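Numbering (the working numbering), first residue to last: 383 to 488. One structure is given below, encoded as structure tokens.
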């Protein structure tokens, strides 16, 4: 389960995927398959997928124990060869590592 808190003990990657609205369901299906694969990799904590209301974006919020294990999972041969269709139907992919600096909740 995702846990959002400040501090350096969780690696957070947020990826914004731009796509045409008619591809959003397929992109989400592929990303769910990828999430199930990632869940089997060392260091995995959670993946959360968010769809935009306009259909033009998907946001992937990933938590890992550290950035090296996250990179190893992304660069594994199985991950790279398994979902070529994903790269064909998205317009732009923007992954970035983040540090949680403030959390306020009710």
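Even glycine gets a Cβ: it sits at the ideal position worked out from N, Cα and C. Computed from a predicted model, the values in this text were never measured in an experiment.
Less than 8 Å separates the beta-carbon of residue 438 from that of residue 403. Per DSSP, residue 433 is one residue of the beta strand (DSSP E) stretching across 426-433.
When C-beta atoms of the segment 442-449 are compared with those of the segment 389-398, three or more pairs fall below 8 Å, so the two segments count as touching. A distance below 8 Å separates the beta carbons of residue 386 and residue 485.
Boundaries for residue 449: no beta strand (DSSP E) harbours it, while the alpha helix (DSSP H) harbouring it runs 449-456, taken from the DSSP string. Excluding residues up to 5 positions away in sequence, 398 lie with their Cβ nearer than 6 Å to the Cβ of residue 476 in the same chain. A direct Cα-Cα distance of roughly 5 Å separates residue 482 from residue 388.
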